[in-house]
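> Just so you know, the sequence shown maps onto residues -14 to 239 in our numbering.
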Amino acid sequence: MHYTVVIPSRYSSTRLPGKPLLDIMGKPMVVRVAEQAVKGGADRVIVATDDTRIRDAVLASGVKAEVCMTSPDHNSGTERIAEVVNVLKLEDQEIVVNVQGDEPLIPPENIAQVADLLECSQAPMATLCARVTGEDVFDPNCVKVVINHQGDALYFSRASIPYERNNFRDGNREALRGHARHIGIYAYRVGFIRKYLTLPPCEIEAMESLEQLRVLYHGYRIAVTYAEKDPMVGVDTAEDLEKVRKIFSEMAGK
-14 MHYTVVIPSR YSSTRLPGKP LLDIMGKPMV VRVAEQAVKG GADRVIVATD
36 DTRIRDAVLA SGVKAEVCMT SPDHNSGTER IAEVVNVLKL EDQEIVVNVQ
86 GDEPLIPPEN IAQVADLLEC SQAPMATLCA RVTGEDVFDP NCVKVVINHQ
136 GDALYFSRAS IPYERNNFRD GNREALRGHA RHIGIYAYRV GFIRKYLTLP
186 PCEIEAMESL EQLRVLYHGY RIAVTYAEKD PMVGVDTAED LEKVRKIFSE
236 MAGK
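(1) Given a cut-off of 8 angstroms on the beta-carbon distance, is the pair A27 and V82 in contact?
(2) For the beta strand (DSSP E) containing G62, name the first residue and the last one.
(3) Would a C-beta distance cut-off of 8 angstroms place G86 and V15 closer than the cut-off?
(4) If R(-5) sits next to D77, beta carbons under 8 angstroms apart, how far is it from one beta carbon to the other, in whole angstroms?
(5) Mind checking K129: buried by the 16 CB within 10 Å criterion, or exposed?
(6) For R0, collect the residues of the same chain with a Cβ closer than 8 angstroms to its Cβ; drop the 5 residues on either side in sequence, then sort them by chain order.
(7) How far does the alpha helix (DSSP H) with S234 in it reach, from first residue to last?
(8) To the nearest angstrom, report how far apart I96 and V209 are at their CA atoms.
(9) May I ask which residues mark the beginning and end of the alpha helix (DSSP H) holding T37?
(10) Over what stretch of residues does the beta strand (DSSP E) that includes Y202 continue unbroken?
(11) Measure from the alpha carbon of R166 to the alpha carbon of each residue in G219, G136, K214 and V117, then state which is nearest.
(12) DSSP three-state call for K12: helix, strand or coil?
(13) Note down, one range per segment and in chain order, each beta strand (DSSP E) of at least 3 residues found wholly within the stretch 72 to 111.
(14) So P93 and K24 are in contact, right, with Cβ under 8 angstroms, and what is the actual spacing, rounded?
(15) Excluding the 5 residues flanking G62 on each side, which residues of the same chain have their C-beta closer than 7 angstroms to its C-beta?
(16) Tell me which residues share the same chain as L195 and place their Cβ nearer than 6 angstroms to its Cβ, disregarding the 5 neighbours each side in the sequence.
Here it is in C-alpha cells:
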C-alpha cells in the first residue's frame, strides 16, 4: 500500500498560541506527531505549514518528514492539503491521509488502517470511529457518527445520535448501545481533494460546524470503520497538554 501523510500545522491558535511548537518531553508537538506518522509506514510524511518557525523546528529535529510551505489564508486543513497536493503534483488516484497536528499520541496503526480502508473502498474518502458510552454521548465536543450496513457514514453530529428513545426517556445511560464517536483522521483520493474545493458549503455544515457534512450533503460517500486502537487524548487545551506530557513521561519511564 502506498500513501502520503500530510500534517496541516499552523502557528496561530486561540486557546494555545504556538501550539505546534509546545514542548513535549524535549520535542515540539508537531515533531511528535510526525514521528507517529512515520511509524505508520507512509511513503512520505509532509508537514504543511505557513510559519517558518514550524518549518525550522521540523527540519532541525531529524524526523523523516518533509515540509511544504503553504498560504496563510487557508480556512481549513483540507484547503492546506489541497495546496500541498498541487505543489507536489500528486496524481488523482493517489491516497493522502490527513493527520491532525495536535495528536502527538495518534496510534500509527490507525494511520495505516484508514489508508487501507480507502484503498479497499469505492468511496473517495475514509475515516475512523470508536465506541462511545456514558456522558460522552451527550457531549457536543464528542462528534457522533451513524454508519450504514455498507460501512459508509449516514450522518455526523454533535447531538446524541442515534436517539435511543426508551433509554434516553428513562435516563438509563448505562444501557446505551450503538453509539460511535468520530475520530478526526481522514484519507482522501487526491482527485477528491481537488473536487472538494469546488463544492459549495451547506447549511448543515455551518449548523454543526462539521466540515465533513459538506461531503455527505453533496452525495459523496465516506467509508468508516472502527479504529484498531482507541486514540488517546489530543491537545486542545492547556489541561490536555499536561495530560499528554504526563503520558509521555510515564512511557519514557517504562
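Note that CB positions come from ideal geometry on N, CA and C, so glycine has one too.
As the structure is a prediction and not an experimental result, all values here were calculated from the model.
On the basis of the supplied data:
(1) Cβ distance < 8 angstroms, so A27 and V82 count as in contact.
(2) Careful: G62 lies outside any beta strand (DSSP E), inside the alpha helix (DSSP H) at G62 to V72.
(3) Yes. Within cutoff.
(4) In fact, because the Cβ distance is near 26 angstroms, the residues do not count as touching under 8 angstroms.
(5) Here K129 is buried: its Cβ has 16 or more other Cβ atoms, across all protein chains shown, within 10 Å.
(6) Same-chain partners within the cutoff: D221, T222 and A223.
(7) Looking at the DSSP string, the run of the alpha helix (DSSP H) that includes S234 is A223 to A237.
(8) Each residue's Cα considered, the two are about 13 angstroms apart.
(9) Its alpha helix (DSSP H) spans residues T37 to S46.
(10) No beta strand (DSSP E) holds Y202; the alpha helix (DSSP H) holding it covers L198 to Y202.
(11) For the residues G219, G136, K214 and V117, the minimum Cα distance to R166 belongs to V117.
(12) Strand, per DSSP.
(13) Taken in chain order, the complete beta strand (DSSP E) segments of 3 residues or longer contained in the stretch 72 to 111 are 80 to 83.
(14) In this structure P93 touches K24 by the C-beta definition: roughly 4 angstroms separates them, less than 8 angstroms.
(15) Excluding sequence neighbours, G62 sits near P(-7) and N83.
(16) Shown here for L195: same chain residues with a beta carbon closer than 6 angstroms to its own, the five before and five after excluded, namely F141 in chain order.
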